[in-house]
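A short write-up of the structure that comes next.
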Amino acid sequence: MKTRHFFAGVNSPSGFYSHFDMIAPDKDCKRKIYIKGGPGTGKSSLMKKIAAYAAEEGYDTDVFHCSSDAASLDGVYIPKLKTAVVDATAPHGDDPDFPGLNGGIFNAAAYLRRESLKEHYGDIIHFANYKKTAFSRAYAYLSAAAPLLQSIEKSYREKMYMHGVEIEAQRTISKYLPDIIMPKTGKLRKLFLSAVCPEGYVNYLDSAFSPRNTVTVKGAGSRDFCGRVLNAALSRGFSAEAFYCPMAPGAAPEHIIIPELKIAFTTYNHFHHFQGADTIDLNEYTGGVPETADADWREAENLLLAAQTALSDARAAHKCLEDFYVPAMDFESLSKDAEKIIDSIFE
Numbered sequence: 003m004k005t006r007h008f009f010a011g012v013n014s015p016s017g018f019y020s021h022f023d024m025i026a027p028d029k030d031c032k033r034k035i036y037i038k039g040g041p042g043t044g045k046s047s048l049m050k051k052i053a054a055y056a057a058e059e060g061y062d063t064d065v066f067h068c069s070s071d072a073a074s075l076d077g078v079y080i081p082k083l084k085t086a087v088v089d090a091t092a093p094h095g096d097d098p099d100f101p102g103l104n105g106g107i108f109n110a111a112a113y114l115r116r117e118s119l120k121e122h123y124g125d126i127i128h129f130a131n132y133k134k135t136a137f138s139r140a141y142a143y144l145s146a147a148a149p150l151l152q153s154i155e156k157s158y159r160e161k162m163y164m165h166g167v168e169i170e171a172q173r174t175i176s177k178y179l180p181d182i183i184m185p186k187t188g189k190l191r192k193l194f195l196s197a198v199c200p201e202g203y204v205n206y207l208d209s210a211f212s213p214r215n216t217v218t219v220k221g222a223g224s225r226d227f228c229g230r231v232l233n234a235a236l237s238r239g240f241s242a243e244a245f246y247c248p249m250a251p252g253a254a255p256e257h258i259i260i261p262e263l264k265i266a267f268t269t270y271n272h273f274h275h276f277q278g279a280d281t282i283d284l285n286e287y288t289g290g291v292p293e294t295a296d297a298d299w300r301e302a303e304n305l306l307l308a309a310q311t312a313l314s315d316a317r318a319a320h321k322c323l324e325d326f327y328v329p330a331m332d333f334e335s336l337s338k339d340a341e342k343i344i345d346s347i348f349e
């Protein structure tokens, strides 16, 4: 039994960036439960209970954390049961394509005593607006930090012998990937193993990788390296999981797992330091540290810290909203219906 921890969506320079559709791709999921509700209505608690029960029953489970509060959950996927439970409220609102067939909705907001909320109408609007403003500030800081991080990467690449990275990638592909071509392209699952959170830069690499089956890739060009290995695996028909940097979610992946081959590749840098049994050091192809790198990094780090502070402000506003919503909830009735959902998952 293994429980892996991920993020399905992250705070990025362009706002909230989502791969929620990859929590449980439709073809791999027979049932998906979409939980609706507001702050403090028990969505995360229900998912934690489901994840805990799955672990007790010995099921492998993928647990998805909220990048706005890593202690809260956004989703749970149990591969053997082909069942997922996801938070389907903003900023990752969603609905089942075929309600009643492959998905259902559990509305936690239905257990709210609305009269209790009306007494705090003004305060609720105030904290909701403050939360929205705090997120806008956080994204502005992340957006300002992104060009500096890109500048650092570019300056390293300019001093790097990129053909050496290509040669190293091809050598690795020949070593770890069978030289066969299957009739179909492998399936790709895109997720995140790290995120910029109120708690800081949080990652769950330890839950996803085993040192014995992991190759650590060091140095500039590591994302290019992982991208080449990923494309080679997919073209050979092997499915893969790719994990992206929250500050560059549209770029090549930082980490990849190829389950069928029981092999993984992870980038080693300032933010994550997982050490596998094998190491590929691309630093031998670089010409040293660029002159501007240290100054750019200091500025970027200050902006990342400012973003984390803004995210903390957003989380504090959310907790203020919970203070109004929790007393208005009928948790006794919700718990009874939630138990029915849990029973239906594990029957």
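Just so you know, we're using the numbering used here here: the sequence shown kicks off at 3 and counts up by one.
Idealized CB from N, CA, C, for every residue including glycine.
In this text the structure is predicted, and so the values were computed from the model without any measurement.
- In this structure Thr-269 is buried. Its beta-carbon is surrounded by 16 or more other beta-carbon atoms within 10 angstroms.
- In this chain, the alpha helix (DSSP H) harbouring Asp-226 covers 224-237.
- The continuous alpha helix (DSSP H) containing Glu-341 extends over residues 333-348.
- If you compare the alpha carbons of Gly-11, Leu-83, Gly-44 with that of Lys-32, the shortest gap goes to Leu-83.
- Judged by beta-carbon spacing, Met-162 lies within the 8 Å limit of Gly-289, meaning their Cβ atoms are closer than that value.
- If you draw a straight line from the Cα of Tyr-123 to the Cα of Lys-321, it comes to about 16 Å.
- DSSP, read as helix, strand or coil, puts Thr-294 in coil.
- In the structure shown, Ser-69 falls within a coil segment according to DSSP collapsed to helix, strand and coil.
- Looking at the DSSP output, Pro-27 bridges to nothing.
- Per DSSP, the beta bridge partners of Asp-89 are Ile-37.
- Beta-bridge analysis with DSSP links Lys-220 to Tyr-270, Asp-283.
- Rounded to whole angstroms, the separation of the alpha carbons of Tyr-143 and Ala-92 is 21 Å.
- For Ala-147, the uninterrupted alpha helix (DSSP H) run begins and ends at 123-160, by DSSP.
- Less than 8 Å divides the Cβ of Leu-207 from the Cβ of Leu-195.
- With contacts defined as CB atoms closer than 8 Å, Glu-256 and Phe-245 qualify as a contacting pair.
- Taking the Cα positions, Ser-118 is about 15 Å away from Ile-127.
- Classified as exposed, Pro-329 has fewer than 16 neighbouring CB atoms from the shown chains inside 10 Å of its CB.
- By the criterion of a C-beta distance shorter than 8 Å, Leu-306 is surrounded in its chain by Tyr-143, Leu-144, Ala-147, Val-198, Tyr-203, once the five residues flanking it on both sides are discounted.
- With contacts defined by Cβ atoms closer than 8 Å, Arg-115 and Asp-339 do not form a contacting pair.
- In this structure, Met-24 keeps its C-beta atom at 8 Å or more from the C-beta atom of Arg-225.
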